Every structure is written in structure tokens, then in C-alpha cells.
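What follows is a set of notes on a single structure, which appears directly below.
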Ligand code: GDP
Ligand code: MG
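In the numbering used here, the protein residues as written are -7 to 442.
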């Protein structure tokens, strides 16, 4: 049996499915809803915070977001409620018996539509020091990592969520598992590829990542909250000498891809939250320990001084720009030009690198063959070297997927290809020199005979 909370009865906002998966992998974007929110006069020209959560289904993501909504409504004005920017309100939790409203959250096992859901109401905050107003949006994801969603769709949603958010919460249960890390790497490599025109080559492509671990069962070793979380994450992400290369690569990847990453260990919320079918989200029915940590982490994420603006290439984006990016990413992920998520991320890198190598090789040939008329071997070699170094610079400056080791490996492949091409060219040239010489000799002899 499935019970649904009364999300529709929220006084100000409602969940809007801005992206969903249609038949045959088709992505359906609600353009109107995006425009309504991001082109709203209060949002359009304002800098913006995009807060998003992702992770497997039925793990308390929407439940967590609904408490975030309580914080946001109590502490900021919203485009619907239009009240003044309040002072920090530490009583944001509301009444102990109030049913929880907002993003739909359910107990049960029935699957929701796969997609990204945005809260229709956007929050505004006046920055104290500058008087500038900024906007805060909040997004949920649905249907990931269940038995019915394909790995390709999981990757697409995961990647899209990471691309469009300034803070991405990765909601996990129990522990951080190796396959989840690899999944994160794969999906964000995918996203990095999609974002390559938009990111600086030296800057990190993504902003903040929080590993939110639910039902943490080992508080004696690592205590609840973000400090215990930081120690736990440090241990999980430690690179060890005897680790397999793919495990090392995941670890290096996280540190070079995100501006900041952290971890919070959450206690078990109690039997009402975890098991009761008719539980409606009441505060008073949660375990005390859970409530304490919930307050701490929500304030840490959403208090004014901790808000993270959405940036691309170190530039803060305004509402209308975020909408443009979201739409262009959605279109990109819809088209066939982007590789389908493959089971192993290495194969994606291989494909991209080989495309790059062909492009570089073409440029090498063009540069070297320009000098076709200079046929002597010494000259050939000089032009080969010149063209080769130009091409290697081109290779190093192009945006690439993967890590330094990948770059080194494929650079060697490119060098080998250029040498091969040079040798073929040299052979051809020397042959034609020989031919020319012979023809010249023949002509001279013929002349003599005359
Ligand atoms: P979502 O699919 O990840 O969005 O999950 P929901 O927010 O819809 O919650 C699914 C179920 O998990 C509900 O019955 C919640 O009461 C319950 N739940 C919420 N938070 C937690 C938690 O921290 N631990 C456990 N064990 N259950 C939770
Ligand atoms: Mg949900």
C-alpha cells in the first residue's frame, strides 16, 4: 500500500516536474514552468542559489527537503508569500504536530516518475553587506537507482542535477559504497563533458557536494554530524598504495572536480519515520537525536552566510542565465550527439580521446604537408618536428575527460601516430626524389645522345 502526504495543500508553492523521462528515453522539459520561475521579475536578474538532492528512491530525500522548505519559508521571503525578509528565525521547525507538506514523500514501494522536480516558489534574501537581493531555488529528484530506471537514465539525471546545482546533496544510506563513488565519478565525468564549453580549463567544474549519510550505524567510531562526517569521508577517500587504479582514480577525481565536498552522518530517525505507513512527518514523532542533527545540518546548508551562488567559469549566474543553461543542458542530454552512458567510464574517455587524436593528427598533417615541395630528408625532419610540437601544444590545450594519467597515455598515442605518419610521408618523398633523380638522369642521357 502507498500513502501520499498532502503536498498539494501547501499554502504557497507546489512541486513542478521540470524534467521527466518519456517513452523511449525521451526527455520532456516543462519550458513554461522553467520560464515562470526563472524569468519571474523577482528572479530574472538576480544571482541565484540552486540547491538539489539526489540519490536512490525511498531514502528520505523529499522528507529532508520538506524540512528545508520549512527553514526557507521561515527565514526568507518568497516570491509567492511576498513577506519582508525576516530576521533569523530559530523557531523555523513549526508546530510539533504539524503534518509535513511540500515535495511529495511517501512510505511504500511504488515508484514515482523519474525526473527533476523544482519547488515552484523561489526564496529571496537580502545580503546584509550590499543590500543586494539573491534568489534561492530548491530541487528534488525522483526515481533514480530503482529497478526500473536504466543506468543510462540514472547517469543523465545525476549528471544534469550536478550541472545545474550550486549545492548537490548526495543522499545515501548506511555507508558510502565503492560502487556509489564510481557511479558519482562516471555521472559527473559525463556532466563535465557536457559542460566543457562552459568551464574554465583550470577551474573545477562543479561546486559543493554533500554526502548525506542516513541511518549512520557507527557513531562510536565516527560521531554524528559534519565533524564525524569529515573524518569518515577522509578515511573513505584516502588513497592507498595498494589500491586498484580505478579506486585511486575515483578518489583523485572527487578532489579535482568539486570546489568543496563534505559529509554529514545522520542518526536513525526512529520507528515512526522509518516504518509507520501512516506517519505524516510530525516533528514530535522523531527521535531526539535525529531532530538535533536535522536542525544543525539544515541551518548549516541554508543560513544566509552559508548560501552558495551558482557559478559557471567563476561568474555568478543570474536567474535568466540559469534557465538558459538548464535548457541547453536538457537539450544536449536529449540529443544523440552525447554518448549514451556506458557501463564503464573508461570507454567514454577512450572515445573522446580518440576523437581528439584524429583532430590533432589532421592538424599535424596539414602543417607538415604544407611543405611538400621541400623534399630533402633534413628539411622533412625539421618540418615534422615543428608540426609535431605545435600539435602537442594543441593536444594539451584542448579540454579532455579523465585524469593526468589518461592525458599522458593518449599523448603518447598521438606521438606514435605522428611518427607513423611522418615515416609514410618520408618514404613517399624519398621515393619521389629518387624517381625525379632517375627521370632527370634519363632526360640528361637522352639530351647527350642527341
Ligand atoms: P525519497 O524517495 O528518497 O524522496 O524518500 P521519501 O522522502 O519519500 O521517504 C521515504 C520513506 O523514508 C518515508 O516513509 C519516510 O518517513 C522515511 N524516512 C525519511 N527519512 C528517513 C531516514 O533518515 N531514515 C529512514 N530509515 N527512513 C526515513
Ligand atoms: Mg522523493
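Backbone N, C-alpha and C fix where the C-beta goes; we use that ideal spot for every residue, glycine too. Since the structure is predicted, the reported quantities are computational estimates derived from the model, not experimental observations.
_Proximal residues to residue 301 (C-beta, below 8 Å), its chain only, five neighbours per side dropped_ = The count along the chain shown starts at 1 and reaches residue 301 at position 309. Non-local C-beta neighbours of residue 301 in its own chain, meaning closer than 8 Å and more than five positions away in sequence, comprise 39, 40, 41, 126, 158, 308, 309, ordered along the chain.
*Compare the C-beta of residue 273 with all C-beta atoms of chain B and state if any pair is closer than 9 Å.*
Protein chains in the displayed structure number just one, and chain B is not present.
*Say the cut is 8 Å; is the CB of residue 452 nearer than that to a heavy atom of the ligand GDP?*
As shown, the chain starts at -7 and ends at 442. That puts residue 452 outside it, with no answer to give.
*Could you tell me the distance, in whole angstroms, from the CA atom of residue 74 to the CA atom of residue 43?*
On the chain shown, residue 74 is found 82 positions in, with the first residue counted as 1. On the chain shown, residue 43 is found 51 positions in, with the first residue counted as 1. Going from the Cα of residue 74 to the Cα of residue 43 covers about 21 Å.
*Any heavy atom of the ligand MG closer than 8 Å to the CB of residue 53?*
In the chain shown, counting from the first residue as 1, residue 53 sits at position 61. Shortest gap from the CB of residue 53 to any heavy atom of the ligand MG: under 8 Å.
*asked:* Using C-beta distances below 7 Å, list every residue in its chain close to residue 235, excluding the 5 sequence neighbours before and after it, in chain order.
replied: Counting from one through the chain shown, the residue named residue 235 turns up at place 243. Counting only Cβ-Cβ distances below 7 Å, and skipping sequence neighbours, we find nothing.
*Cβ neighbour criterion (16 or more within 10 Å) applied to residue 360*: The count along the chain shown starts at 1 and reaches residue 360 at position 368. Within a 10 Å sphere around the beta-carbon of residue 360 sit 16 or more other beta-carbons, which makes this residue buried.
*Around the C-beta of residue 3, are 16 or more other C-beta atoms found within 10 angstroms, so that it is buried, or is it exposed?*
Working through the chain shown from its first residue, we reach residue 3 at position 11. Exposed, because fewer than 16 other Cβ atoms sit within 10 Å of the Cβ of residue 3.
*Note down, in chain order, each residue of its chain lying with its Cβ closer than 7 Å to the Cβ of residue 436, except the 5 sequence neighbours on either side.*
Here residue 436 is taken as the residue at index 444 of the chain shown, counted from 1. Answer for residue 436: no residue qualifies.
*If we ignore side chains and look at the alpha-carbon of each, how far apart do residue 421 and residue 358 end up?*
Position 429 of the chain shown, counting from 1, holds the residue named residue 421. Position 366 of the chain shown, counting from 1, holds the residue named residue 358. For residue 421 and residue 358, the distance between alpha carbons rounds to 16 Å.
*With 16 as the cutoff for other CB atoms within 10 Å, does residue 5 come out buried or exposed?*
Indexing the chain shown from 1 puts residue 5 at position 13. Buried is the call here.
*For residue 111, which residues from the same chain have a beta carbon less than 6 Å from its beta carbon, with the 5 sequence-adjacent residues on both sides left out?*
For the purposes of this step, residue 111 is identified with residue 119 of the chain shown, where counting begins at 1. Hits under 6 Å: 5, 130.
*4 or more residues per run - each alpha helix (DSSP H) lying fully within the region 233 to 301*: Within the region 233 to 301, the complete alpha helix (DSSP H) runs of at least 4 residues are 237 to 249, 263 to 267, 280 to 294.
*For residue 399, is the beta carbon positioned less than 8 Å from some heavy atom of the ligand GDP?*
Sequence index remark: in the chain shown, residue 399 carries index 407 (1-based). No, the ligand GDP has no heavy atom inside 8 Å of this Cβ.
*Helix, strand or coil: which one does DSSP assign to residue 69?*
For the purposes of this step, residue 69 is taken as the residue at position 77 of the chain shown. In this structure, residue 69 counts as strand in the three-state DSSP scheme.
*asked:* Which complete alpha helix (DSSP H) runs does the region 344 to 421 hold, if anything under 4 residues is left out?
replied: Uninterrupted alpha helix (DSSP H) stretches at least 4 residues long and entirely within the region 344 to 421 occur at 369 to 389, given in chain order.
*Is there at least one non-hydrogen atom of the ligand MG closer than 8 Å to the beta-carbon of residue 160?*
The count along the chain shown starts at 1 and reaches residue 160 at position 168. Of the heavy atoms belonging to the ligand MG, none sits nearer than 8 Å to the Cβ of residue 160.
_I need the straight-line Cα distance from residue 252 to residue 18, nearest angstrom please._
In the chain shown, counting from the first residue as 1, residue 252 sits at position 260. In the chain shown, counting from the first residue as 1, residue 18 sits at position 26. Taking the straight line joining both Cα atoms gives about 33 Å.
*How do the region 314 to 324 and the region 151 to 165 stand: do at least 3 beta-carbon pairs fall below 8 Å, yes or no?*
By the Cβ rule, the region 314 to 324 counts as touching the region 151 to 165, because three or more pairs are nearer than 8 Å.
*asked:* Using 9 Å as the threshold, is the C-beta distance between residue 216 and residue 257 below it?
replied: The count along the chain shown starts at 1 and reaches residue 216 at position 224. The count along the chain shown starts at 1 and reaches residue 257 at position 265. In this structure, residue 257 lies closer than 9 Å to residue 216 by Cβ.
*Any idea what DSSP makes of residue 231, helix, strand or coil?*
Numbered from 1 along the chain shown, position 239 holds the residue referred to as residue 231. In the displayed model, residue 231 falls within coil according to three-state DSSP, outside both helix and strand.
*asked:* Here's a check: name, in chain order, each residue in its chain whose Cβ is nearer than 7 Å to the Cβ of residue 288, leaving out the five neighbours to either side.
replied: Locating residue 288 in the chain shown gives position 296, where the first residue counts as 1. Contacts found: 217.
*Length of the line joining the Cα atoms of residue 336 and residue 47*: As a first step, residue 336 is located in the chain shown; it is residue number 344 there, counting from the start. As a first step, residue 47 is located in the chain shown; it is residue number 55 there, counting from the start. Residue placement at residue 336 is poorly supported in this model, since its pLDDT is 37, which falls under 50; the coordinates still yield a value, given next. Between residue 336 and residue 47, the alpha-carbon positions lie close to 20 Å from each other.
*Given a threshold of 16 other Cβ atoms within 10 Å of its Cβ, counted over all protein chains shown, does residue 373 qualify as buried or as exposed?*
Walking along the chain shown from the start, residue 373 turns up at place 381. Residue 373 should be labelled exposed.
*asked:* Please tell me whether, using a cut-off of 8 Å, the distance from the CB of residue 111 to the nearest non-hydrogen atom of the ligand ATP is below it.
replied: For the structure depicted, the ligand ATP is absent and the ligand set comprises only the ligand GDP and the ligand MG.
*Within 8 Å: the Cβ of residue 49 and any heavy atom of the ligand MG?*
The residue given as residue 49 occupies position 57 in the chain shown. Using a cutoff of 8 Å, the CB of residue 49 counts as near the ligand MG, since one of the ligand's heavy atoms is closer than that.
*Under 8 Å by Cβ, that's how I've got residue 69 and residue 11 pegged, so tell me the actual separation to the nearest angstrom.*
Here residue 69 refers to the residue found at position 77 of the chain shown. Here residue 11 refers to the residue found at position 19 of the chain shown. Not really, about 27 Å apart at Cβ, beyond 8 Å.
*Just confirm the distance between the C-beta atoms of residue 240 and residue 246, as a whole number of angstroms; I'd bet it's less than 8 Å.*
To locate residue 240, count along the chain shown from 1; it is residue 248. To locate residue 246, count along the chain shown from 1; it is residue 254. For residue 240 against residue 246, the beta-carbon gap comes to about 11 Å, at or over 8 Å, which does not count as contact.
*Go ahead and pull the three-state DSSP assignment for residue 177.*
Residue numbering aside, residue 177 sits at position 185 when the chain shown is read from its first letter. If DSSP states are grouped into helix, strand and coil, residue 177 belongs with the helices.
_Among 165, 176, 396, the one whose alpha carbon lies nearest that of residue 52_ = The residue you call residue 52 lines up with position 60 of the chain shown. Looking only at 165, 176, 396, the smallest Cα-Cα distance to residue 52 is reached by 165.
*According to DSSP, is residue 314 helix, strand or coil?*
Residue numbering aside, residue 314 sits at position 322 when the chain shown is read from its first letter. Three-state DSSP puts residue 314 in a helix.
*Would you kindly report the start and end of the unbroken beta strand (DSSP E) that includes residue 25?*
Residue mapping note: residue 25 aligns to position 33 of the chain shown, counting from 1. Here residue 25 belongs to no beta strand (DSSP E); instead the alpha helix (DSSP H) covers 23 to 30.
*Rounded straight-line distance, which links the Cα of residue 267 to that of residue 192*: Walking along the chain shown from the start, residue 192 turns up at place 200. Walking along the chain shown from the start, residue 267 turns up at place 275. Low confidence applies to residue 192: its pLDDT is 43, below 50, so where it sits in the model is not reliable, and the reading given next is rough at best. Cα to Cα, the separation comes out at about 47 Å.
*Please go through the region 111 to 171 and give each complete alpha helix (DSSP H) segment of 4 or more residues, from N-terminal end onward.*
Whole alpha helix (DSSP H) segments, 4+ residues: 143 to 156.
*Relative to the C-alpha of residue 284, which residue among 82, 354, 24, 31 is closest?*
The residue labelled residue 284 in the question sits at position 292 within the chain shown. The candidate whose alpha carbon is nearest that of residue 284 is 82.
_I need the DSSP call for residue 43, collapsed to helix, strand or coil._
Residue 43 sits at position 51 when you count from the first residue of the chain shown. It is a strand residue.
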